[in-house]
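So the sequence lines, in the order shown, correspond to chains A and S.
Under this note's numbering, residues 1 to 114 are what the first sequence spells out, in order.
Under this note's numbering, residues 1001 to 1113 are what the second sequence spells out, in order.
We put the CB at the ideal spot given by N, CA and C, even for glycine.
What you are looking at is a predicted structure, and each value in this text was computed from that prediction instead of being measured.
For reference, the structure is listed below as structure tokens.
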Amino acid sequence: NAGVMQNPRHLVRRRGQEARLRCSPMKGHSHVYWYRQLPEEGLKFMVYLQKENIIDESGMPKERFSAEFPKEGPSILRIQQVVRGDSAAYFCASSPGFGNEKLFFGSGTQLSVL
Amino acid sequence: GESVGLHLPTLSVQEGDNSIINCAYSNSASDYFIWYKQESGKGPQFIIDIRSNMDKRQGQRVTVLLNKTVKHLSLQIAATQPGDSAVYFCAEPAGTSYGKLTFGQGTILTVHP
């Protein structure tokens, strides 16, 4: 039973390019969360999704960031026109939902913006 | 240790010692708390959780203590091993969903053989 899978593990982008981060939740999990971690800081909540629905995006920057969790396929966190301040580790977590919200985290995607 | 500026609190112990990592929380209405361990280059790993109707909960080599009066949480690791070296975070739900968590700043635990 594979855990939460994120890819790529490392992503390098130049300023102005787009970054697409993928997350496949654990088998049987229908709830996905994205978190961002800056160096020497704790994780900050970004967005909470269920299949085809954004439940809570209160932690997402207002511009350039979007997330989706389609009916089929992985969840995608998309950052348009990246800037150096977007450099961080992005973690995805999943939970079964239905009253069990214990989170299981992936290994993260380290985004570096040159 | 104390945190200064952007530096995380650190705790250095010898292998076999007991470790105590502390966390203060701000929301007196919080009813659920979790401790996570994060090793270098990896995502957070669930260690143990506790609900607010409990003062203490024990796992394998770990104990979490909750003091609601002073809004303080601690993680005790018995017989600390080099493999316990990591950053430890406490977390609490930020809203009605227990998956939306507010994480503490973290404590770096270093275990010396």
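Going straight from the alpha carbon of residue i to that of residue j, what length do you get?
i: A:S19; j: A:R13; result: Note that residue 19 of chain A corresponds to Ala in the displayed sequence, not to Ser. Whole-angstrom Cα-Cα distance: 7 Å.
i: S:E1015; j: A:C92; result: 33 Å
i: A:L111; j: A:P39; result: 12 Å
i: S:A1079; j: S:C1090; result: 21 Å
i: S:D1055; j: S:D1031; result: 12 Å
i: S:A1094; j: A:G16; result: 32 Å
i: S:A1024; j: S:I1048; result: 17 Å
i: A:S44; j: A:R64; result: Per the sequence shown, residue 44 of chain A should be read as Lys rather than Ser. Using only the alpha carbons, I get a separation of about 17 Å.
i: A:V83; j: A:I54; result: 24 Å
i: S:L1008; j: S:G1104; result: 10 Å
i: A:S87; j: A:V113; result: 6 Å
i: A:H10; j: A:K27; result: 24 Å
i: S:K947; j: A:G97; result: Examination of residue 947 of chain S is not possible in this model, given that chain S is present from 1001 through 1113 alone.
i: S:L1073; j: S:S1052; result: 11 Å
i: A:Q6; j: S:G1083; result: 24 Å
i: S:K1100; j: A:P8; result: 24 Å
i: A:S30; j: A:Y90; result: 19 Å
i: A:R78; j: S:Q1060; result: 39 Å
i: S:N1022; j: A:F104; result: 23 Å
i: S:S1085; j: S:F1046; result: 15 Å
i: A:E41; j: S:Q1076; result: 22 Å
Give me, in chain order, the residues of the same chain whose beta-carbon lies closer than 7 Å to that of residue i; leave out the 5 immediate sequence neighbours on both sides.
i: A:M46; result: W34, Y35, R36, G59 and M60
i: S:Y1098; result: Y1032
i: A:K102; result: S95
i: S:S1028; result: K1071
Along chain A, in chain order, which residues have C-beta atoms closer than 7 Å to that of residue i?
i: S:A1079; result: Residues of chain A passing the Cβ test: none, with the nearest at roughly 26 Å.
At a CB-CB cut-off below 7 Å, which residues of chain S make contact with residue i?
i: A:L111; result: Residues of chain S passing the Cβ test: none, with the nearest at roughly 14 Å.
i: A:K102; result: F1046
i: A:Y48; result: S1097, G1099 and K1100
Residues of chain A with a CB under 9 Å from the CB of residue i: which are they?
i: S:F1033; result: The premise fails here: S:F1033 is roughly 13 Å from chain A at the closest Cβ pair, so nothing lies under 9 Å.
i: S:G1196; result: Since the first residue shown for chain S is 1001 and the last is 1113, residue 1196 of chain S is missing from the structure and cannot be characterised.
i: S:G1083; result: The contacting residues do not exist; S:G1083 stays about 17 Å from chain A at best.
Going by beta carbon distance, what residues of the same chain come within less than 6 Å of residue i, once the five residues before and after it are set aside?
i: S:V1087; result: Q1038, G1106 and I1108
i: S:R1057; result: I1050 and V1064
i: S:T1102; result: E1092 and A1094
i: A:E52; result: K71
Would you please state the rounded distance, in angstroms, between the beta carbons of residue i and residue j? I believe it to be under 8 Å.
i: S:H1112; j: S:S1012; result: 7 Å
i: A:G106; j: A:G3; result: 7 Å
Whose C-beta lies closer than 8 Å to the C-beta of residue i among residues of the same chain, with five residues either side of it excluded?
i: A:S75; result: R22, C23, S24, P25, V32, W34, L49, A67, E68, F69 and C92
Who are the neighbours of residue i on chain A, taking C-beta pairs under 8 Å?
i: S:A1094; result: F45
List the residues of chain S that residue i touches, going by C-beta distances under 9 Å, in chain order.
i: A:Y33; result: S1097, G1099, K1100 and L1101
Fill in: Validate contact between the stretch 64-78 of chain A and the stretch 1058-1067 of chain S using beta carbons, cut 8 Å, 3 pairs
With a cut-off of 8 Å, the stretch 1058-1067 of chain S and the stretch 64-78 of chain A do not count as touching, because too few Cβ pairs lie within range.
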